[in-house]
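Here's the structure, in structure tokens; my notes come after.
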Amino acid sequence: MRIQFLALAFNLSISLALFSFGQSVQETSSSEDGAVLTAELPLLYDDLKKTVEAKKNAVLRTQNFMLQAESIIWEKNASLVLADQDVILTAPGVRLLCNSLKLNLKNGDYLALEVETGFYPWSFTAGSFTRTGKEVVASQIKLSQEYSEESKLSPTISFKELTFDQNNSHLQTSTGLMEVGNLPLSPIPPLSLNLGGNKRTWRFRAKAGKKANMGWYLGKRARWEVAKINTETEITGYFKRGILLSSKLNYESEEDPKNLPWVDTFVEFGWLNDQGSLGLDRRGLKFSDQRTYLDTQVIYIKEQGIRVAGEINYESDSEINRDLRIENFSNSQWNDYYFELGYEQHWGGFSGLQRWQVNEHEGVLERRPNLRLEMAPLSFPFESIHHSAVIEYSDLRSRNSNGEVIAESTKLDASIRTFRPFKITNGLIYTPSITARSQNYQVGDASPQATWTEW
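Every position in the sequence shown, counted from 1, becomes a number in this note's numbering once 740 is added.
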């Protein structure tokens, strides 16, 4: 289970763009060159249109690929093949399933609808896959683990569109979304990657040693950097505990006010099927042999004043850092889990925060939700008199390390401030103000209130 499959999926897309019939199929595309069309039902010939139609388990074989479908129409004059229903295309290194396929045997152009392919255990689906000239375009793309709908922790990446230019090895994507199960983790900004020549950098590193709780291990780390993205995948084999798979992905756009939206995000993921003596967690309870951790954070700022931020630090048990990430212990003293949406304009702004318990073994103060509305200083009824206001609502729940709610309350906090600046002399300004504030709580059956003014 690796987030690294994003980079692998890009390479998969390229391989799809370059598979056999997309290169030089013309030499073996005609019947004289060995192409054979067969079917269970008799073939239908149209001498006027120069077409051959095969139905029921139709198969077209060439030296470069084999095409299977319920129906295949071969237009020999145009060197065009139309396959429909349960289409399976098999070529060296590629097996592609789709609902329909239109293929030009002369230049390799094609149009495939409802495409599905992959490399175990990952699957690649697309609404359409098109090659025109040297450009390949895929739409409604989804990269996921096989049987991901059955797992709550399976990573999924989706894009509306992906374009690959074979001439300069340039890959362009639309905005995308990263999810784990049904939980959206992070938006993915449009990516522009040059995958050819020296634009791609790989680094490899081996490691070995012994950990007190895990025993002896051997590992291999691979790091890939391209454009503004860097990924790192590591495989560590513990002689007595099993194989740990871990991966990181980082992306940060340039900090330029003129270059919005600005995105800073990372994902770190690890999984181990622990085959050793598990012991107990900090609560004295046994934990599962399927040990997983997931750290992710995103900050997204758009020029219209929209800000999105979120963070998740998930651990399947309380001893993950002790056993699997002891080198990261100093950076994991405080886990958080929140999602925040903010909107800011000249008149003020609004923000909504949702904070909840992700790790059952860690107590937390949940905010479900925390809403805040701010009004910037506005002048009325006179330009010299200014007013500002804040309203905040919080629904708080305190959960213990067993996931139980031990206390809950709600709070409504509102305040307003009025002030008027007076210019005195030599740059001195005197600003008298008056502030009124009211706080209302609901704690069980009690409803305490507090109201005061300040001037």
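We treat Cβ as the ideally placed atom computed from N, Cα and C, and that holds for glycine.
Exposure label - residue i; buried when at least 16 CB within 10 Å
| i | result |
| --- | --- |
| Leu1105 | exposed |
| Thr802 | buried |
| Arg945 | exposed |
| Asp1035 | buried |
| Asp691 | What is shown of the chain runs 741 to 1195, which leaves residue 691 out entirely. |
| Arg1139 | buried |
| Val855 | buried |
| Ser1017 | exposed |
| Pro1188 | exposed |
| Tyr785 | exposed |
| Asp787 | exposed |
| Gly916 | buried |
| Phe1162 | exposed |
| Ser986 | buried |
| His1101 | buried |
| Gly858 | buried |
| Glu974 | buried |
| Glu1207 | The structure shown does not extend to residue 1207, since the chain is modelled only from 741 to 1195, so the question has no answer here. |
| Tyr850 | buried |
Per-residue DSSP class, three states only, for residue i
| i | result |
| --- | --- |
| Asn1061 | helix |
| Asn1068 | helix |
| Asp835 | The identity of residue 835 in the sequence shown is Arg, whereas the question assumes Asp. DSSP places Arg835 in strand when its eight states are reduced to three. |
| Trp1002 | strand |
| Pro1188 | coil |
| Lys939 | Caution applies to Lys939, whose pLDDT of 48 falls short of 50 and renders its modelled position unreliable; the model cannot decide the point. |
| Gln744 | Confidence at Gln744 is low in this model, with a pLDDT of 42, below 50, so the placement of that residue should be treated as unreliable; the coordinate-derived value is given next. Here Gln744 sits in coil by DSSP. |
| Gln766 | Bear in mind that a pLDDT of 35 at Gln766, under 50, signals an unreliable position, so the number given afterwards is only what the model happens to contain. DSSP places Gln766 in helix when its eight states are reduced to three. |
| Gln1015 | coil |
| Gln1044 | coil |
| Phe761 | At Phe761 the pLDDT is 44, less than 50, meaning the model places this residue with poor confidence; the figure from the coordinates comes in the next sentence. Note: Phe761 maps to helix in three-state DSSP. |
| Asp1029 | coil |
| Lys960 | strand |
| Gly1010 | strand |
| Ala952 | coil |
| His1101 | coil |
Endpoints, the beta strand (DSSP E) within which residue i is located
| i | result |
| --- | --- |
| Phe805 | No beta strand (DSSP E) holds Phe805; DSSP gives it neither H nor E. |
| Asp1153 | 1145-1159 |
| Thr903 | 895-905 |
| Gln1094 | 1088-1095 |
| Gly1024 | Segment: none, Gly1024 is in no beta strand (DSSP E) and carries neither H nor E. |
| Pro924 | 923-928 |
| Arg1112 | 1104-1119 |
| Val1183 | Element bounds for Val1183: n/a, residue is neither H nor E. |
Any contact of the stretch 1036-1052 with the stretch 1074-1083, i.e. 3+ C-beta pairs under 8 Å?
-> The way I'd put it, the stretch 1036-1052 does touch the stretch 1074-1083; three or more beta-carbon pairs between them come closer than 8 Å.
Quick one: any contact between the stretch 1128-1144 and the stretch 1162-1171, if contact means 3 or more CB pairs under 8 Å?
-> Judged by Cβ distances under 8 Å, the stretch 1128-1144 makes no contact with the stretch 1162-1171, as fewer than three pairs qualify.
Can you give, in chain order, each stretch of the beta strand (DSSP E) that sits fully within the stretch 815-869 and has at least 3 residues?
-> Those beta strand (DSSP E) runs which fall completely within the stretch 815-869 and span 3+ residues are 820-831, 834-844, 850-859.
Taking three-plus beta-carbon pairs below 8 Å as touching, is the stretch 1002-1015 in contact with the stretch 921-936?
-> Yes: at least three Cβ pairs fall under 8 Å.
The stretch 1020-1032 / the stretch 911-922 touching (three or more Cβ pairs under 8 Å) = No contact exists between the stretch 1020-1032 and the stretch 911-922.
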